[in-house]
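Protein chains in written order, with this note's numbering: chain A, 3 to 147; chain B, 3 to 147.
Glycine is no exception: its CB is placed at the ideal position from the N, C-alpha and C atoms.
Bear in mind that the values here come from a model prediction, so they are computed numbers and not experimental data.
Everything below concerns the one structure shown next.
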DNA sequence: GTTTTTGGTCAGCTATATTGACATATCTAT
DNA sequence: ATAGATATGTCAATATAGCTGACCAAAAAC
């Protein structure tokens with residue numbers, strides 16, 4: 003038994019607390035900007051995923067967000083009405099709707115991201131490259147567990 | 003300019019996405035157990051912080067959760083009615099209420115934690131000690147940015 | 001041509017948060 | 001003693017984001 007201190011319950015409890023803080027802070031930074039557009043965090047998460055996976059289908063988005071289609075539909079309707087996104091019929095399978103940001107949506111995303119980026123950027127700037135790589139590795143192990 | 007790839011926008015966007023997944027997964031694991039007690043994630047977060055900081059005051063908890071006192075009060079009322087916590091007058095300043103888990107609360111916490119622990123434990127078990135330490139360091143820089 | 005898949009929608013409900021106003025007990029300072 | 005500040009509790013109304021269940025239509029797959 004070596005230094006497996008980080009597998010101790012108290013340490014794990016600390017991590018559970020820290021993950022909550024990290025999420026909350028990261029996603030609360032851009033709330034003022036969202037409010038300008040009458041959007042909330044639900045819209046934010048959708049926009050973020052659409053920007054990262056341009057052209058994804060409704061069910062792709064559903065699988066990433068893990069909410070019901072009724073919940074997502076309200077969010078998408080708001081975004082369409084606000085002219086932030088467009089839905090296009092899928093070329094291969096026209097039952098699918100592919101989701102794209104339009105100009106207004108891209109502008110909104112950039113505003114949100116600029117605000118949100120600061121926190122992560124500064125944290126990484128004060129870390130070395132090895133730390134960031136290892137942060138990423140552990141994070142993805144937590145997700146894919 | 004060396005390997006500052008991790009400071010690139012696309013990388014940072016990925017991290018923002020990953021932090022969302024990590025939080026969501028970590029806090030959705032124990033939802034079935036919470037439901038047995040008619041509690042939700044709001045109660046879970048409060049119980050977690052009370053266990054980690056036994057005897058903390060209402061305003062301490064408020065500062066950690068960053069919600070309004072009205073919101074917290076509903077949660078605390080539920081926990082008191084369910085006999086999971088007790089509030090005691092502060093010894094030094096009797097305006098303060100100090101919050102403690104009682105037996106039922108401790109049992110509930112252990113059930114929740116056992117469920118939630120798996121994910122983190124397995125992720126760490128498959129990482130080396132250096133990775134976990136660096137994960138922790140970067141995480142706290144994100145929080146305290 | 002029947003069945004399955006993908007998506008949209010209506011209606012109602014629940015959980016968790018908000019704002020604003022007001023009440024009470026207790027501590028601190030004069 | 002009393003005035004003011006602090007910690008907490010509570011009422012009422014509202015917002016946000018999720019849920020279940022039912023049902024419908026278009027398009028694809030068999």
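- [ ] Pull up the distance between the alpha-carbon of residue 147 of chain A and that of residue 138 of chain A, whole angstroms please.
- [x] Residue 147 of chain A and residue 138 of chain A: Cα-Cα distance of roughly 14 Å.
TODO: Could you tell me how far apart the beta carbons of residue 85 of chain B and residue 65 of chain B are, in whole angstroms, since I believe they sit closer than 8 Å?
DONE: Actually they do not touch by this definition, with Cβ atoms about 26 Å apart.
- [ ] Taking only runs that begin and end inside the segment 39-95 of chain B, name each unbroken alpha helix (DSSP H) of 4 or more residues, in chain order.
- [x] Taking only runs of at least 4 residues, the alpha helix (DSSP H) segments lying wholly in the segment 39-95 of chain B are 43-54, 60-67 and 71-83.
Task: Member of A:12, A:82, A:34 and A:128 whose CA lies at the smallest distance from the CA of residue 102 of chain A - done: For residue 102 of chain A, the closest of A:12, A:82, A:34 and A:128 by C-alpha to C-alpha distance is A:82.
Open item on the list: Just to check my reading of the structure: residue 92 of chain B and residue 49 of chain B have Cβ atoms closer than 8 Å, yes? What is that Cβ distance to the nearest angstrom?
Closed with: For a cut-off of 8 Å, the C-beta gap from residue 92 of chain B to residue 49 of chain B is around 20 Å, too long to register as a contact.
TODO: Give the DSSP bridge partners of residue 106 of chain A, in chain order.
DONE: Residue pairing by DSSP places residue 106 of chain A in no beta bridge whatsoever.
Task: Residues that residue 98 of chain B contacts on chain A, provided the C-beta gap is smaller than 9 Å - done: Going along chain A, no residue has its Cβ under 9 Å from residue 98 of chain B, so there is no contact; the nearest lies around 22 Å.
TODO: Using the Cα positions of residue 59 of chain A and residue 99 of chain B, report the straight-line distance between them to the nearest angstrom.
DONE: Roughly 51 Å between the two C-alpha positions.
Task: residue 19 of chain A, enclosing alpha helix (DSSP H) - first and last residue - done: Per DSSP, residue 19 of chain A belongs to the alpha helix (DSSP H) from 11-30.
Task: CB contact check: residue 125 of chain B to chain A, cutoff 8 Å - done: Under the Cβ criterion of 8 Å, residue 125 of chain B is counted among the residues facing chain A.
Open item on the list: Can you check whether the C-beta of residue 3 of chain A is within less than 8 Å of a C-beta belonging to chain B?
Closed with: In this predicted model, residue 3 of chain A has a pLDDT of only 46, less than 50, meaning its place in the structure is not dependable enough to derive any value.
Open item on the list: Going by the DSSP bridge assignment, what does residue 99 of chain B pair with across the sheet?
Closed with: In the DSSP assignment, residue 99 of chain B forms a beta bridge with B:91.
Open item on the list: Can you give me the C-alpha to C-alpha distance between residue 115 of chain A and residue 141 of chain A, rounded to a whole angstrom?
Closed with: Looking at the two C-alpha atoms, the distance is approximately 20 Å.
Open item on the list: Considering only the alpha carbon of each residue, which of B:63, B:31, B:89 and B:111 lies closest to residue 118 of chain B?
Closed with: Nearest option by C-alpha distance: B:31.
Open item on the list: Helix, strand or coil for residue 139 of chain A? Go by DSSP, reduced to three states.
Closed with: When secondary structure is reduced to three states using DSSP, residue 139 of chain A falls in the helix class.
- [ ] Output the distance between the C-alpha atoms of residue 122 of chain B and residue 41 of chain A, rounded to the nearest integer angstrom.
- [x] Each residue's alpha carbon lies about 33 Å from the other.
Open item on the list: Which residue wins for smallest C-alpha separation from residue 1 of chain B, given the options A:70, A:27 and A:97?
Closed with: No answer is possible for residue 1 of chain B: the residues shown for chain B start at 3 and end at 147.
TODO: Mark residue 61 of chain A as exposed unless 16 or more other C-beta atoms lie within 10 angstroms of its C-beta, in which case mark it buried.
DONE: Looking at its Cβ environment, which holds fewer than 16 other Cβ atoms inside 10 Å, residue 61 of chain A is exposed.
Task: Assumed close pair residue 54 of chain A, residue 15 of chain B - CB separation to whole angstroms, cut-off 8 Å - done: Here residue 54 of chain A really is in contact with residue 15 of chain B; their C-beta atoms are around 6 Å apart, less than 8 Å.
Task: Residue of B:12, B:6 and B:8 minimising C-alpha distance to residue 112 of chain A - done: Closest option to residue 112 of chain A, Cα to Cα, is B:12.
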